[in-house]
Amino acid sequence: MEAVSRTAQWTAAARALETEREDRLFADPYARTVADTVGFDLLERYAGAGTVPFLAIRTTYLDRAIGRAVEDRGIRQVVFLAAGMDTRFYRLTWPAGVTVYELDRPALLDAKAAMLAGEPAPADRERHTVAVDLTQDWTGHLKEAGWRSEEATLWVVEGLLFFLPEEAVRALITGLSAHSAPGSVLLGDVISRSALQNPLSRPFLRALEEDGNPWLFGTEEPEQLLQDCGWSVREVKQPGEDGADFGRWPYPVPAREVPRVPRSFLFTCDLPTGEENAS
Numbered sequence: 112m113e114a115v116s117r118t119a120q121w122t123a124a125a126r127a128l129e130t131e132r133e134d135r136l137f138a139d140p141y142a143r144t145v146a147d148t149v150g151f152d153l154l155e156r157y158a159g160a161g162t163v164p165f166l167a168i169r170t171t172y173l174d175r176a177i178g179r180a181v182e183d184r185g186i187r188q189v190v191f192l193a194a195g196m197d198t199r200f201y202r203l204t205w206p207a208g209v210t211v212y213e214l215d216r217p218a219l220l221d222a223k224a225a226m227l228a229g230e231p232a233p234a235d236r237e238r239h240t241v242a243v244d245l246t247q248d249w250t251g252h253l254k255e256a257g258w259r260s261e262e263a264t265l266w267v268v269e270g271l272l273f274f275l276p277e278e279a280v281r282a283l284i285t286g287l288s289a290h291s292a293p294g295s296v297l298l299g300d301v302i303s304r305s306a307l308q309n310p311l312s313r314p315f316l317r318a319l320e321e322d323g324n325p326w327l328f329g330t331e332e333p334e335q336l337l338q339d340c341g342w343s344v345r346e347v348k349q350p351g352e353d354g355a356d357f358g359r360w361p362y363p364v365p366a367r368e369v370p371r372v373p374r375s376f377l378f379t380c381d382l383p384t385g386e387e388n389a390s
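One rule links them: number in our numbering = place in the sequence shown (from 1) + 111.
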């Protein structure tokens, strides 16, 4: 697999650790399989303050937000961009009729398919893998797989944006809004620019760079970024805040106005209505 894709096994290893806790927030019985030894080696290599609890919180936050989107809003198209070793298609309870599209590089999708070859696909949903480069035009490939641009879509960009340069981040998020039908939802995460500049982060960031997958992008104003790219922000949460804690975050949460603080942000966005765009 490409170097950047190996981080997907790193996060899978963290999901495996959470799954094996007695007080687990979620159960991912496939996580240890897709993590393989590489994922646990990377978990040790990239160890740092808050890494494992953050990944547990991010997974839980997105699990629950995905559930609300498909159950309460009735969305039946779910697209995971840079799906990595995500196993939500198998492990979540989905309403009947959901179609999941997993977009990622060919080598990762092939490796994941081999690892999960023995797992039976649930009968009440569909899954399509789409081999693409997300920095290029990929919507045609998604349409060929069956995605319908005229229907609402749940887009999930988990663990992706910080690997891209700012121009690519803005192009991607703007493209998602441009290709979305009314009722669409965007979920994901992003880090602050200070997280890339903090001296305490240097060993971790250096290890990522040495492994060929540097973090490139962060923003102190995720709300403005998302709005500039065509989305209406429903919420932005830092780990440890109400709705993004789940009993896992062990550190205080500095107020947003405190400068030069490394932060992670979890977000939920909606496509603005015509009235919102007009205002």
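Even for Gly, the Cβ is constructed at its ideal location relative to N, Cα and C.
Backbone secondary structure at residue i - three-state DSSP
i       : result
Asn-388 : For Asn-388, the predicted structure reports a pLDDT of 46, less than 50, and the residue's modelled location is therefore unreliable. A value from the coordinates is still provided. In the structure shown, Asn-388 sits in a helix (DSSP, three-state: H, G or I).
Val-211 : strand
Thr-171 : helix
Thr-204 : coil
Glu-320 : helix
Val-372 : coil
Val-52  : The chain is shown only over 112 to 390; residue 52 falls outside these bounds and no answer can be derived.
Ser-343 : strand
Arg-359 : coil
Pro-231 : coil
Phe-137 : coil
Leu-382 : coil
Leu-311 : helix
Ala-158 : coil
Ser-260 : coil
Glu-277 : helix
Thr-330 : coil
Arg-199 : helix
Glu-129 : helix
Thr-118 : helix
DSSP beta-bridge partners of residue i
i       : result
Leu-377 : Asp-300 and Lys-348
Asp-253 : Contrary to the premise, residue 253 reads as Leu rather than Asp in this sequence. Bridge partners of Leu-253: none, in fact.
Trp-266 : Val-190 and Leu-297
Glu-237 : Thr-210
Ala-242 : Asp-215
Close Cβ partners of residue i (< 8 angstroms) along its chain, the five nearest in sequence each way excluded
i       : result
Pro-314 : Gly-159
Ala-138 : Thr-130 and Arg-202
Ser-303 : Gly-329, Thr-330, Glu-331, Val-372, Pro-373, Arg-374, Ser-375 and Phe-376
Leu-316 : Leu-307, Pro-325 and Trp-326
Gly-270 : Thr-118, Ala-119, Thr-122, Arg-169, Ala-193, Gly-195 and Asp-300
Pro-293 : Ala-263, Leu-382 and Thr-384
Leu-253 : Val-190, Tyr-212, Leu-214, Val-241 and Val-243
Thr-144 : Met-226 and Leu-227
Glu-230 : Tyr-141 and Tyr-201
Among the options, the one whose alpha carbon lies nearest that of residue i
i       : options                               : result
Glu-182 : Leu-265, Asp-339 and Ser-116          : Leu-265
Arg-236 : Pro-217, Thr-204 and Leu-220          : Thr-204
Tyr-141 : Arg-126, Gly-294, Val-189 and Arg-132 : Arg-126
Arg-367 : Pro-164, Arg-199 and Ser-305          : Ser-305
Val-190 : Leu-214, Pro-370 and Ala-222          : Leu-214
Pro-206 : Gln-188, Gln-247 and Gly-229          : Gln-188
Gly-286 : Arg-143, Pro-310 and Ser-260          : Ser-260
Leu-275 : Ala-232, Gly-323, Phe-165 and Pro-310 : Gly-323
Thr-210 : Ala-232, Ala-224, Asp-248 and Glu-133 : Ala-232
Beta-carbon gap between residue i and residue j smaller than 8 angstroms
i       : j       : result
Trp-326 : Leu-298 : no
Val-364 : Glu-352 : yes
Arg-156 : Ala-318 : yes
Arg-238 : Phe-200 : yes
Val-267 : Ile-186 : no
Pro-217 : Ala-234 : no
Ala-282 : Tyr-212 : no
Tyr-362 : Gly-208 : no
Leu-136 : Phe-357 : yes
His-290 : Thr-246 : no
Ser-288 : Trp-342 : yes
Residues of its chain near residue i, where Cβ-Cβ distance is below 7 angstroms and the 5 sequence neighbours each way are ignored
i       : result
Val-149 : Arg-117 and Gln-120
Val-344 : Glu-334, Leu-337, Gln-338, Phe-378 and Cys-380
Leu-272 : Val-280, Gly-299, Val-301 and Phe-328
Ala-355 : Ile-168, Tyr-172, Lys-348, Gln-349 and Leu-377
Glu-277 : Phe-328
Ala-389 : Residue placement at Ala-389 is flagged as unreliable, the pLDDT there being 41, under the threshold of 50; a coordinate-derived value is accordingly withheld.
Leu-128 : Val-163
Asn-309 : Pro-373
Ser-312 : Ala-306 and Pro-373
Chain-order list of residues whose beta-carbon lies under 6 angstroms from that of residue i (same chain, five-residue window excluded)
i       : result
Leu-153 : Trp-121
Ile-284 : Cys-340
Pro-180 : It should be pointed out that residue 180 corresponds to Ala in this sequence rather than to Pro. Only Ile-186, Leu-265 and Val-296 meet the Cβ criterion.
Ala-124 : Ala-146, Gly-150, Phe-151 and Leu-154
Asp-197 : Phe-191
Within-8 angstroms CB hit, residue i to chain C
i       : result
Gly-299 : Absent from the structure is chain C; it holds one protein chain and no more.
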